[in-house]
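With the first letter of the sequence shown counted as 1, position 331 gets the number 331 in the UniProt record's numbering; the numbers rise by one all the way through. Okay, so here's the structure we're looking at.
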Amino acid sequence: MDLVRTEHPTFRDMAETLGLGMPFQMHASADGTFKRFTYIGSSCEALTGVAPAAALMNPDLLYNCILEEHRPCYLDAERAALAERRPFRMEVLIHGPEGQLRWARIVSAPRFLGDGSTLWDGLVTDITESRRLEQALERQRRRMELAVEATGLGLWEWDLRTGDVVWSEHNREIFGVAPGASVTLDTYLRHIHPDDLELTRRTFLHARDKAVGPNFSLEHRIVTDAGEVKWLMMSGRMIRDARGPALVVGTTLDVTERRTAEERSLLMMGELAHRSKNGMQIMAAMVRQAAQGADTVQAMEAVLSARIRAMAASQDLLTASGGQAVGLGDLFDQVLTMFDLGRFQIDLALRQVTMSGETAIGVALLLHELGTNAVKHGALSRAGGMVLISVQPAPDGCAAFRWREQGGPEVAPSGRRGFGSRLLEAALRDRGGRVESSFEPTGFSAVIEIKIPDLR
């Protein structure tokens, strides 16, 4: 049987004439253990430096052109394709006519003959230039990606037609996704905070459906697999073609620190307004008490001036802790002096407790609120009223004390918990502490627990 005649001449002619590559034909036995070339195109010599006739006589001349490191993988893949009689495709490095390395794509498809053997029609294409272009583009893409990521931005794109999603490694890092892990649209959606999912959906739909203005942006929260909540700014561009929206490309910026600072600023603004109003009430109460207890204007002035100075000292503590450890005893002295420290019985053991400056600010705010309420409504609103501050049991890494008022008027919950109390309890809870208040027959009581990792 003339195996060469079984090939379609038009295929060979077109491959050679159009420069598509080097056509070849290989005959393999039914079990795939024996194979030989029955046709090799004339471009073989230009591609490999091996003459077609020589390659027909000795196939190893062509196989040896494959880079030694690629050869075992190639032969394994070829054996598998021969055994399974399925199409073959692979890209390998080969030695060119002058020994230079070139990239070649080898593809072939089987035709089954009546005797059980297989005829493989194939094509070897020089893809060196396209490989170089791909590598150059990849280097350029990576340089651009590194430059963008230097600004803290993650890169992403979403093909609206195929659904394919591509993330840069930094974008994976922002979302807490493992390096190199495959990502889909669901990867993004399942990380969005449930409360922000609808806003995100509306923003994307609006960008997709509006006729003008391809750019869009939004800020939303995500929850990483580790449970960390982050604020992200997502900026994107909707790319359209003749058929409509086709691709979305964009960036991700972690703005958690900025959002936290903004929320802290709003909290402090609200606290400032609240404390300003409260301060006026404290001043009025101090003036009234000073007037009731003084025999002369001079005596009233002395008492009132001392309390005003004590109030100013407690304000300084809130802004000047500088992150250093603060003694709880010092905190009591500074904050409670304005309420007449002699009316407080403080457990000496509490003076051994220290805490961070940030925790101290929360405790100072809480003590100020408790003292204010005691002056306005509780034990300190009466001449004989007292406040007992005692040590309470606490878990490791924490300290606790009890604020218990005695000798004041009868109190009820409705008169004890306002905006300030809720705000300060939340601020202390954010620092790992807690406040439990109660209204006992003898007066208002509260247990304050604080987190002190630097307890010494």
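All C-beta atoms, glycine included, are put in the ideal place defined by N, C-alpha and C. The structure displayed is predicted, hence computed values, not measured ones.
_Mapping the DSSP letters down to three states, classify PHE34 as helix, strand or coil._
Position 34 of the sequence shown, counted from the start, is the residue given in the question as residue 34. Here PHE34 sits in coil by DSSP.
Checklist line | Cα-Cα separation, PHE401 to ASN373 | finding: On the sequence shown, residue 401 is found 401 positions in, with the first residue counted as 1. On the sequence shown, residue 373 is found 373 positions in, with the first residue counted as 1. Straight through space, the alpha carbons of ASN373 and PHE401 are spaced by roughly 18 Å.
Q. In terms of alpha-carbon separation, which member of GLY432, VAL375 and GLN392 lies closest to GLU405?
A. If you number the sequence shown from 1, residue 405 lands on position 405. For GLU405, the nearest C-alpha among the options comes from VAL375.
TODO: Determine the closest residue to ILE448 out of ALA360, ASN64 and HIS70, with distance taken between C-alpha atoms.
DONE: Sequence index remark: in the sequence shown, residue 448 carries index 448 (1-based). For ILE448, the closest of ALA360, ASN64 and HIS70 by C-alpha to C-alpha distance is ALA360.
Whole-angstrom C-beta distance between MET268 and LEU253, which should lie under 8 Å: Counting from one through the sequence shown, the residue named residue 253 turns up at place 253. Counting from one through the sequence shown, the residue named residue 268 turns up at place 268. Wrong, their Cβ atoms sit about 25 Å apart, outside the cutoff.
Give every residue of the same chain whose Cβ lies closer than 6 Å to the Cβ of SER108, excluding the five residues on either side of it in the sequence, and list them in chain order.
To locate residue 108, count along the sequence shown from 1; it is residue 108. Answer for SER108: PHE88, TRP120 and GLY122, listed in chain order.
* Asked: Should the region 188-200 be regarded as contacting the region 237-245, the criterion being three or more beta carbon pairs within less than 8 Å?
  -> They do not touch, by the three-pair rule.
Query raised in the report: Which first and last residues belong to the alpha helix (DSSP H) in which ALA80 is found?
Result: Indexing the sequence shown from 1 puts residue 80 at position 80. Unbroken alpha helix (DSSP H) run through ALA80: 71-84.
- Task: Report yes or no: do the region 92-102 and the region 40-49 share at least 3 C-beta pairs separated by less than 8 Å?
- Result: Pairwise C-beta distances place the region 92-102 in contact with the region 40-49, as three or more of them are shorter than 8 Å.
- Quick one: using the 10 Å Cβ neighbour count with 16 as the cut-off for buried, is SER356 buried or exposed? Position 356 of the sequence shown, counted from the start, is the residue given in the question as residue 356. Counting every other CB atom within 10 Å of its CB across the protein chains shown gives SER356 a total of 16 or more, marking it as buried.
- Pair within 8 Å by beta-carbon distance, LEU336 and GLY371: Here residue 336 corresponds to residue number 336 of the sequence shown, with the count starting at 1. Here residue 371 corresponds to residue number 371 of the sequence shown, with the count starting at 1. For LEU336 and GLY371, yes; Cβs fall inside 8 Å.
Quiz item: Which of helix, strand or coil does DSSP assign to GLU45?
Solution: Walking along the sequence shown from the start, residue 45 turns up at place 45. The answer is helix: DSSP assigns GLU45 an H, G or I state.
Same chain only: Cβ atoms within 6 Å of ASP159, ignoring 5 sequence neighbours per side: In the sequence shown, residue 159 corresponds to position 159, counting from 1. So the qualifying residues of the chain are LEU247.
Query raised in the report: Roughly how many whole angstroms lie between the Cα atoms of PRO179 and CYS398?
Result: By 1-based counting over the sequence shown, the position of residue 179 is 179. By 1-based counting over the sequence shown, the position of residue 398 is 398. Take the alpha-carbon of PRO179 and the one of CYS398: they are about 38 Å apart.
Tell me whether the beta-carbon of LEU304 lies closer than 8 Å to the beta-carbon of LEU328.
Here residue 304 refers to the residue found at position 304 of the sequence shown. Here residue 328 refers to the residue found at position 328 of the sequence shown. By the CB criterion at 8 Å, LEU304 and LEU328 fall outside the cutoff.
Query raised in the report: To the nearest angstrom, how far is it from the Cα of THR251 to the Cα of ASP164?
Result: Your numbering for residue 251 matches position 251 in the sequence shown. Your numbering for residue 164 matches position 164 in the sequence shown. Roughly 16 Å between the two C-alpha positions.
> Does the distance from the CB of residue 457 to the CB of GLU198 come in under 8 Å?
Replying inline: Nothing in the structure corresponds to residue 457, since the chain is present only between 1 and 456.
Are the beta-carbon atoms belonging to ILE389 and ASP333 less than 8 Å from one another?
Translated into the one-based positions of the sequence shown, residue 389 becomes position 389. Translated into the one-based positions of the sequence shown, residue 333 becomes position 333. For ILE389 and ASP333, no; Cβs fall outside 8 Å.
According to DSSP, simplified to helix, strand and coil, what is ALA150? Taking the first residue of the sequence shown as position 1, residue 150 is located at position 150. Here ALA150 sits in coil by DSSP.
- Straight-line CA distance for ALA30 to GLU78? What you label residue 30 is simply residue 30 of the sequence shown in a count that begins at 1. What you label residue 78 is simply residue 78 of the sequence shown in a count that begins at 1. Answer to the nearest angstrom: the Cα atoms are 15 Å apart.
Per DSSP, cross-strand counterpart(s) of MET386:
Indexing the sequence shown from 1 puts residue 386 at position 386. GLN406, per the DSSP bridge assignment.
message: Taking only three categories from DSSP, how would you classify GLN298?
response: Against the sequence shown, residue 298 aligns to sequence position 298. GLN298 falls in the helix class under three-state DSSP.
Original post:
GLU169 to GLY154, Cα distance in whole Å?
Top reply: Position 169 of the sequence shown, counted from the first residue, corresponds to residue 169. Position 154 of the sequence shown, counted from the first residue, corresponds to residue 154. Straight-line Cα distance between these residues: approximately 8 Å.
> DSSP three-state call for ARG221: helix, strand or coil?
Replying inline: Position 221 of the sequence shown, counted from the first residue, corresponds to residue 221. In the structure shown, ARG221 adopts extended strand secondary structure according to DSSP, grouped into three states.
Next item on the list: Just grab the DSSP bridge partners of SER108 for me.
Entry: Numbered from 1 along the sequence shown, position 108 holds the residue referred to as residue 108. PHE88 and GLY122, per the DSSP bridge assignment.
Cα separation between LEU133 and PRO52?
By one-based count along the sequence shown, residue 133 stands at place 133. By one-based count along the sequence shown, residue 52 stands at place 52. Our two residues, LEU133 and PRO52, have alpha carbons roughly 30 Å apart in a direct line.
Top-ranked residue by Cα proximity to TRP403, from THR296, PHE344 and GLY433: Within the sequence shown, numbered from 1, the residue matching residue 403 stands at position 403. Of THR296, PHE344 and GLY433, the residue nearest in Cα terms is PHE344.
Review point. Which value, in whole angstroms, describes the spacing of the CA atoms of PHE419 and MET338?
Key: The count along the sequence shown starts at 1 and reaches residue 419 at position 419. The count along the sequence shown starts at 1 and reaches residue 338 at position 338. Residue confidence for PHE419 is low, a pLDDT of 41 falling below 50, so the modelled location carries little weight; the figure read from the coordinates is stated next. Whole-angstrom Cα-Cα distance: 22 Å.
> Where DSSP assigns a beta bridge to HIS27, which residues make up the other side?
Replying inline: Sequence index remark: in the sequence shown, residue 27 carries index 27 (1-based). In the DSSP assignment, HIS27 forms a beta bridge with ARG36 and LEU119.
If you follow the beta strand (DSSP E) that MET238 is part of, which residue opens it and which one closes it? Translated into positions along the sequence shown, residue 238 becomes position 238. Where MET238 is concerned, the enclosing beta strand (DSSP E) stretches over 229-241.
| So ASP209 is in the alpha helix (DSSP H); what residue range does that whole segment cover? | Here residue 209 refers to the residue found at position 209 when the sequence shown is read from its first residue. Looking at the DSSP string, the run of the alpha helix (DSSP H) that includes ASP209 is 197-209.
Q | Length of the line joining the Cα atoms of PHE444 and GLY378 | A | Your numbering for residue 444 matches position 444 in the sequence shown. Your numbering for residue 378 matches position 378 in the sequence shown. Counting only the Cα atoms, GLY378 lies some 7 Å from PHE444.
- Message: Buried or exposed, going by whether 16 or more other CB atoms sit within 10 Å of the CB of THR224?
- Response: Position 224 of the sequence shown, counted from the first residue, corresponds to residue 224. Exposed, because fewer than 16 other Cβ atoms sit within 10 Å of the Cβ of THR224.
> Apart from the five residues just before and just after GLU145, which ones in its own chain have a Cβ nearer than 7 Å to its Cβ?
Replying inline: By 1-based counting over the sequence shown, the position of residue 145 is 145. Closer than 7 Å at Cβ, skipping near neighbours: LEU155 and SER168.
Review point. Which value, in whole angstroms, describes the spacing of the CA atoms of LEU367 and GLY227?
Key: The residue given as residue 367 occupies position 367 in the sequence shown. The residue given as residue 227 occupies position 227 in the sequence shown. When rounded, the distance between both Cα atoms is 33 Å.
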